[in-house]
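Contents: one structure, followed by commentary.
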Amino acid sequence: MNDLLYVNGGNPLNGNITVRGAKNFVSKAMVASLLGETPSTLRNVPQIRDVTVVSGLLELHGVTVDGDDKAGTLDLDPSNVIAAHVADIDAHAGSSRIPILFCGPLLHRLGEANIPDLGGCAIGDRPINYHLDILRQFGAVVEKRSGGIHLSAPKRLQGTKVHLPYPSVGATEQLLLTAVLSEGLTELSGAAIEPEIMDLIAVLQKMGSIISVDTDRTIRIEGVDKLHGYNHWAMGDRIEAASWASAALVTGGDVTVNGASQSEMMTFLNTFRKVGGEFEVHDWDIRFWHPGGELKSIVLETDVHPGFMTDWQQPLVVALTQATGLSIVHETVYENRFGFTDALNQMGAHIQLYRECLGGSPCRFGQRNFKHSAVISGPTPLQAADIEVPDLRGGFSHLIAALGAKGRSTVRGISLIDRGYENFQEKLVALGADVERG
Ligand code: EPU
């Protein structure tokens, strides 16, 4: 099968779809199961490629993974954790960023860890210096090897005091997954506090951890000697929910997203309303629609929680091409997250990129050579095109643009979207889109 989707644009998306557990939480909760002495059960698990990749890595380490895809249940039994063959581990190189989070749990369980070279979206340099510094502070020895890294713990890891220069999601999770079984107290200042991290803390607390979070981004962990399994319902995917909301706006449609939750999407909802979208919050879903009339241009800056998520940016930019006037978007989390706008320009959008920090406060990319601000001039009708998916969220944005464009687009490299959007083609069809896999 060719890895492409033909999209006959111009139909408003209308109807109901369901989003299940958040990709950026579920994968971490799966890793956390390694820390328990008894089995864990994770519920509301989506069928996405990141879940398959992490399941494979857990199985290589002796964890029994039993899933019921339809029910969204995953049973993870870590009773017999073993060291995996390095060649088998390295076969996972480039598949995901999650393997770096195996370090702490494997060091606790086995005294050593081999981690393959990481993958993930090409939206910036994505270094792992914070991760490795944190692990060294706990007492791990880190060695670079061909194809990945090797870590060892000469003795039990020791609690420590860490300050993050930037509130990195992954580094905060690294610290949590390492500190819970380390000896003594760990304190992290400058921590990330995304809802997905709070849900991971909830899982770790269920397992027997002692973790407190202060309002000033300081997290304190009292290490314990052992943890047990958990049973947990994963929080919904607020990135996927916002992606469908943007798709409703671009196509002039009306989409109800089951599993979307207001409390985790407050900042998105404010922005959606400012742009001119309407929404209605119900107990188990949120309905998003285009009320007719003009969309409004805005000035927007992405930021860590509780700011506007970087992952919401790309789908919303497509909607901004349909807004009247000049919108300014300043991307402050990743230095290179506007690559997807080339295709939008090819389709008729007017988006110009700048190195300067436009429309907000200066960020750490300002004095460097990164085009991390975008000025979008609209409204510009979009025309069908032949386009290539650049990364996960950028790829979904291309899909949205194709759905809103006149004519038949060809969207290539579509399987990248399977990494984080469950059954997206079925959902598109359910919403009335005219799409066909090539
Ligand atoms: N950073 C460093 N050094 C490090 C780690 C991070 O400089 O050691 C920098 C990064 O280069 C980036 C910034 O810190 O500029 C933030 O990165 P962070 O560590 O917060 O991101 P992450 O943990 O790699 C997760 C999500 C991303 C999401 C970000 C921000 C997962 C698997 N990925 O990435 O999700 O954009 O947090 O919320 O949880 C996506 O789902 O499409 C996606 C990219």
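Note that the working numbering has the sequence shown beginning at 1, numbered continuously upward.
Virtual Cβ for every residue (Gly too), placed ideally from N, Cα, C.
Bear in mind the structure is a predicted one, so any value in this text is a computation, not a measurement.
Worksheet item: Per DSSP, what kind of secondary structure is Asn8 in: helix, strand or coil?
Response: Taking the sequence shown and counting its residues from 1, the one referred to as residue 8 is at position 8. Asn8: strand per DSSP, three-state reduction.
Discussion item. Could you compute how far the alpha carbon of Asn24 sits from the alpha carbon of Glu173?
Written reply: Taking the sequence shown and counting its residues from 1, one reaches residue 24 at position 24. Taking the sequence shown and counting its residues from 1, one reaches residue 173 at position 173. So the alpha carbons of these two residues sit roughly 11 Å apart.
Discussion item. I need the straight-line Cα distance from Val440 to Gln205, nearest angstrom please.
Written reply: The shown model of the chain, from 1 to 438, leaves out residue 440, and the question about it has no answer.
Worksheet item: Are Asp125 and Ser96 close, meaning C-beta to C-beta below 8 Å?
Response: For the purposes of this step, residue 125 is taken as the residue at position 125 of the sequence shown. For the purposes of this step, residue 96 is taken as the residue at position 96 of the sequence shown. For Asp125 and Ser96, no; Cβs fall outside 8 Å.
Discussion item. Using a Cβ distance threshold of 8 Å, determine whether the region 210-226 contacts the region 253-260, with at least three qualifying pairs required.
Written reply: no
Item to complete: Please name the residue in Leu110, Gly67 and Gly104 whose C-alpha comes closest to that of Asn80.
Response: Position 80 of the sequence shown, counting from 1, holds the residue named residue 80. Minimum Cα distance to Asn80 is reached at Leu110.
Fill in: Burial state of His228, where buried means 16 or more other Cβ atoms lie within 10 Å
Here residue 228 corresponds to residue number 228 of the sequence shown, with the count starting at 1. It counts as exposed.
Fill in: For Leu431, three-class secondary structure by DSSP
What you label residue 431 is simply residue 431 of the sequence shown in a count that begins at 1. It is coil, neither helix nor strand.
Worksheet item: Within 10 angstroms of its Cβ, does Ile17 collect 16 or more other Cβ (buried), or is it exposed?
Response: Stepping through the sequence shown from its first residue, residue 17 is reached at position 17. Looking at its Cβ environment, which holds 16 or more other Cβ atoms inside 10 Å, Ile17 is buried.
Worksheet entry | Assigned exposure category for Ile82 - 16 Cβ within 10 Å defines buried | Start at 1 with the first residue of the sequence shown, and residue 82 comes out as number 82. Its Cβ having fewer than 16 others within 10 Å, Ile82 is exposed.
Practice prompt. Could you pull the start and end residues of the beta strand (DSSP E) that Phe288 belongs to?
Written response: Translated into the one-based positions of the sequence shown, residue 288 becomes position 288. Asp285 to Trp289 is the extent of the beta strand (DSSP E) around Phe288.
Worksheet item: Taking 7 Å as the line, does the beta carbon of Leu441 fall inside it for any heavy atom of the ligand EPU?
Response: One cannot answer for residue 441 here, as it falls past the ends of the chain, which runs 1 to 438.
Worksheet item: Is DSSP giving Pro116 helix, strand or coil here?
Response: As a working note, residue 116 is residue 116 in the sequence shown. Strand, per DSSP.
Practice prompt. State the DSSP-derived secondary structure class of Lys406, mapped to helix, strand or coil.
Written response: In the sequence shown, residue 406 corresponds to position 406, counting from 1. The answer is strand: DSSP assigns Lys406 an E or B state.
Item to complete: Note down, one range per segment and in chain order, each beta strand (DSSP E) of at least 3 residues found wholly within the region 23-67.
Response: 40-43
Worksheet entry | Nearest-angstrom beta carbon gap, Asn114 and Val86 [assumed within contact, 8 Å] | The residue you call residue 86 lines up with position 86 of the sequence shown. The residue you call residue 114 lines up with position 114 of the sequence shown. 5 Å between Cβ atoms; contact.
Worksheet item: How would you call Asn44, buried or exposed, if buried means at least 16 neighbouring beta carbons within 10 angstroms?
Response: For the purposes of this step, residue 44 is identified with residue 44 of the sequence shown, where counting begins at 1. Asn44 is buried by the Cβ-count criterion.
Worksheet item: Apart from the five residues just before and just after Asp88, which ones in its own chain have a Cβ nearer than 7 Å to its Cβ?
Response: Here residue 88 corresponds to residue number 88 of the sequence shown, with the count starting at 1. Cβ within range, chain order: Leu60.
Worksheet item: Do you know how far the Cα of Tyr354 is from the Cα of Val299?
Response: As a first step, residue 299 is located in the sequence shown; it is residue number 299 there, counting from the start. As a first step, residue 354 is located in the sequence shown; it is residue number 354 there, counting from the start. Answer to the nearest angstrom: the Cα atoms are 15 Å apart.
Fill in: Proximity below 8 Å, CB of Thr321 to CB of Ile376
Stepping through the sequence shown from its first residue, residue 321 is reached at position 321. Stepping through the sequence shown from its first residue, residue 376 is reached at position 376. Contact: yes.
Discussion item. Following a CB-centred definition, is Tyr6 positioned closer than 7 Å to any heavy atom of the ligand EPU?
Written reply: Residue mapping note: residue 6 aligns to position 6 of the sequence shown, counting from 1. False, no ligand heavy atom lies under 7 Å from that Cβ.
Fill in: Val203 burial status per 10 Å Cβ neighbour count (16 or more: buried)
Along the sequence shown, read from residue 1 onward, the residue named residue 203 stands at position 203. With 16 or more Cβ atoms within 10 Å of its Cβ, Val203 is classed as buried.
Item to complete: For Ile239, I'd like the list of residues in its chain whose CB is within less than 8 Å of its CB, leaving aside the five on either flank, ordered along the chain.
Response: In the sequence shown, residue 239 corresponds to position 239, counting from 1. Counting only Cβ-Cβ distances below 8 Å, and skipping sequence neighbours, we find Ala22, Lys23, Asn24, Met309, Asp311, Trp312, Arg393 and Gly420.
Item to complete: Taking all protein chains shown into account, decide if Met207 is buried (16 or more other Cβ within 10 angstroms of its Cβ) or exposed.
Response: On the sequence shown, position 207 is the one that residue 207 refers to. Met207 is buried by the Cβ-count criterion.
Worksheet entry | Cutoff 6 Å; reference Arg368; Cβ partners in own chain excluding five residues on either side | Counting from one through the sequence shown, the residue named residue 368 turns up at place 368. Nothing listed; no residue qualifies.
Worksheet item: Residues bridged to Glu143 by DSSP?
Response: Position 143 of the sequence shown, counted from the start, is the residue given in the question as residue 143. BP columns for Glu143 point to His150.
Worksheet item: Using the rule of at least 16 other Cβ atoms within 10 Å of the residue's Cβ for burial, across every protein chain shown, is Ala84 buried or exposed?
Response: Locating residue 84 in the sequence shown gives position 84, counting from the first residue. Answer is buried; the Cβ neighbour count reaches 16.
Worksheet item: Where in the region 353-430 do unbroken runs of the beta strand (DSSP E), each at least 3 residues long, occur, reported from the N-terminal end onward?
Response: 373-378, 386-388 and 408-412
Discussion item. Tell me whether Gly252, by its Cβ, gets closer than 7 Å to a heavy atom of the ligand EPU.
Written reply: What you label residue 252 is simply residue 252 of the sequence shown in a count that begins at 1. Result no, Cβ not under 7 Å from the ligand EPU.
Worksheet item: Once you ignore the five residues that flank Ala402 on each side, which residues in its own chain have a CB closer than 6 Å to its CB?
Response: The count along the sequence shown starts at 1 and reaches residue 402 at position 402. Here the set comprises Val7, Gly9, Ser409 and Val411.
Discussion item. Quick check: the region 30-46 against the region 232-246, are at least 3 beta-carbon pairs closer than 8 Å?
Written reply: yes
Worksheet entry | the region 355-363 contacting the region 321-335, beta-carbon criterion three pairs below 8 Å | yes
Item to complete: Go ahead and label Tyr166 buried or exposed: buried means 16 or more other beta carbons lie within 10 angstroms of its beta carbon, across all protein chains shown.
Response: Stepping through the sequence shown from its first residue, residue 166 is reached at position 166. Result: exposed.
Worksheet item: So with Cβ pairs under 8 Å, would you call Gln322 a contact of chain D?
Response: Annotation note: the requested chain D is absent from the structure, which comprises a single protein chain.
Discussion item. I'd like to check one pair, Lys296 with Ala319: are the Cβ atoms closer than 8 Å?
Written reply: Counting from one through the sequence shown, the residue named residue 319 turns up at place 319. Counting from one through the sequence shown, the residue named residue 296 turns up at place 296. No, the pair does not count as a contact, with Cβ atoms beyond the cut-off.
Worksheet item: For the alpha helix (DSSP H) that Arg220 lies in, which residues bound it at each end?
Response: Taking the first residue of the sequence shown as 1, we reach residue 220 at position 220. First-last for Arg220: Ile219 to Glu222, but that is the beta strand (DSSP E), not the alpha helix (DSSP H).
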